[in-house]
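At position 28 of the sequence shown the residue is numbered 28 (UniProt numbering), and the sequence of numbers has no breaks.
Note that the Cβ used here is the ideal one computed from N, Cα and C, for glycine as well.
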Amino acid sequence: MKKHTHHKAYGDSTGKEPLIDLQSIKQWLNSFGNQGHSSEAVLNVLFTLGVILFVIYQVASLLHRMNKRVEKQLESRTKQRKVEVSDKQTGDEMVFTDLHEMVIRERMIPYRMPVINDDITLRNSQIFYEEMKMRRSCRQFSSRDVPLKVIQNLLKTAGTSPSVGNLQPWTFCVVSSDSIKTMIRKILEADERDNYVSRKKGASWVVDVSQLQDTWRRPYITDAPYLLIVCHEIFRDVHNKTERVFHYNQISTSIAVGILLAAIQNVGLSTVVTSPLNAGPDISRILRRPENESILLLLPLGYASEDVLVPDLKRKPVEHITKLY
Numbered sequence: 001m002k003k004h005t006h007h008k009a010y011g012d013s014t015g016k017e018p019l020i021d022l023q024s025i026k027q028w029l030n031s032f033g034n035q036g037h038s039s040e041a042v043l044n045v046l047f048t049l050g051v052i053l054f055v056i057y058q059v060a061s062l063l064h065r066m067n068k069r070v071e072k073q074l075e076s077r078t079k080q081r082k083v084e085v086s087d088k089q090t091g092d093e094m095v096f097t098d099l100h101e102m103v104i105r106e107r108m109i110p111y112r113m114p115v116i117n118d119d120i121t122l123r124n125s126q127i128f129y130e131e132m133k134m135r136r137s138c139r140q141f142s143s144r145d146v147p148l149k150v151i152q153n154l155l156k157t158a159g160t161s162p163s164v165g166n167l168q169p170w171t172f173c174v175v176s177s178d179s180i181k182t183m184i185r186k187i188l189e190a191d192e193r194d195n196y197v198s199r200k201k202g203a204s205w206v207v208d209v210s211q212l213q214d215t216w217r218r219p220y221i222t223d224a225p226y227l228l229i230v231c232h233e234i235f236r237d238v239h240n241k242t243e244r245v246f247h248y249n250q251i252s253t254s255i256a257v258g259i260l261l262a263a264i265q266n267v268g269l270s271t272v273v274t275s276p277l278n279a280g281p282d283i284s285r286i287l288r289r290p291e292n293e294s295i296l297l298l299l300p301l302g303y304a305s306e307d308v309l310v311p312d313l314k315r316k317p318v319e320h321i322t323k324l325y
C-alpha cells in the first residue's frame, strides 16, 4: 500500500495528528464530484458548513462578551462597596465643594424681590421682631385640634430653607397617633431620667434646668395634638458616590428648624424644642426610618393651654450680641 504524504494544517513537528487534514478533504471533494453530484450541490454543502461555523463563532463571541461584562460589574460593585465603607467611617471634608458645584450647574433664572422703601422696611422689621419677641417654649398644650393643612404649610415654609448643595436633607415626620406618641414618650422619659439622676450631683447644667422647673418627665409629648420629629440625612449618593455629609446636613436642617419655629409663632401655635439625647435610634426604629437618617430634634406642636406658665426670660440686649466693624 502506497503511503501518502499528508499536509499538516495547524500541526507541529512532534508527529501529532493535525486538527484538519487538507488532503483528506480534497479527496472527499473529488470523490463527491466523481459520484455524479453537481457543483451546485457541493456549493450548498459548503455554504451550509459556513453558516454553521458562523453561528458557532457568533455564539462564542456573545458568551465571551457576557463574561467580560459580568466581570466588570463584579469589579465595579467591589470598588463601590469599598468606597462606601471608607466614606461612612472617615467622611469626606471636601464634600462641601462638590455639593456647591451641583448648585452652580443648575439652570439660572431671574430673581425679583418687591421694591419696598426704607420706612416700610423698618416698620416690617419692627413688627416681626415684636411678634417673635413673644415666642416661648411651651410645655402645656390645649386639646384643640390643628388643621393638617396648617401643618403642611408650616413644613412647606421650613422647606424653603437654604441647604448645602441644595440637598434639602431634612425629613419632618408628623406623628398624630396616640400609641406612637406614647411609645416615644416612654423612651424619652427613660433616657432623660437616667441622664437627670446620674448627673444631678454637681452638674451646673442640672441647676440651670431645675430653675426652669424642668425634669425628666415629658407629658407634652403626648398632650400636644402633633409631634414633629425632625430627621436629617447622614450620608447620601452624590455623583454615583456615597458621601458622608453629616455635619453639613445637620447645619442645613438646623436652619430649616429656625425658619419652622418662626412660622409656628406666626400662626399662633406653640412648641418646645426637645432633644432626643440617646433615644434617637430607638425612635427611628419605631418610625421605621432608613439607616442613612438621624433624628435631630422633636417638636410637640399645638395651641398653648389657657393656664400655661412660661419662664420670664430676659434676652440679651442687641448691644451684647452685636459687634460692628
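The alpha-carbon separation between isoleucine 321 and arginine 315 amounts to approximately 10 Å.
Non-local C-beta neighbours of isoleucine 221 in its own chain, meaning closer than 8 Å and more than five positions away in sequence, comprise Lys181, Ile184, Arg185, Leu188, Leu227, Thr274, Leu298, Pro300, ordered along the chain. With a beta-carbon spacing of about 6 Å, leucine 260 and leucine 154 fall inside the 8 Å limit used to define contacts. Between glutamine 265 and arginine 135, the CB-CB gap stays under 8 Å. For arginine 285, the enclosing alpha helix (DSSP H) stretches over residues 280-287. Serine 270 has Gly302 as its beta-bridge partners, per DSSP. Nearest to phenylalanine 141 by C-alpha distance, out of Pro317, Gly280, Asp307, is Asp307. In this model, serine 305 and histidine 247 are separated by some 37 Å (Cα to Cα). Three or more Cβ pairs closer than 8 Å define a contact, and the region 236-243 falls short of that threshold against the region 275-286. Note that the C-beta distance between valine 175 and isoleucine 229 is below 8 Å. DSSP, reduced to helix, strand and coil, places isoleucine 116 outside both helices and strands of the structure shown, so it counts as coil.
Taking the CA atoms as reference points, proline 311 sits about 10 Å from cysteine 138. If the five residues before and after glutamate 75 are omitted, its C-beta is found closer than 7 Å to no C-beta atom of its own chain.
In this structure, DSSP gives isoleucine 151 a helical state, which the three-state scheme calls helix. Assigned with DSSP and collapsed to three states, arginine 139 falls in coil, not helix or strand. In the three-state scheme derived from DSSP, where H, G and I count as helix and E and B as strand, serine 294 is classed as strand. Exposure of arginine 112 is indicated by the presence of fewer than 16 other C-beta atoms within 10 angstroms of its C-beta.
Taking C-alpha positions only, tyrosine 57 is separated from glycine 50 by approximately 10 Å. Boundaries of the beta strand (DSSP E) harbouring tyrosine 226: 226-233, taken from the DSSP string.
Rounded to whole angstroms, leucine 296 and serine 61 show a C-alpha spacing of 55 Å. Nearest to proline 276 by alpha-carbon distance, out of Ile52, Pro110, Cys231, Ala256, is Cys231.
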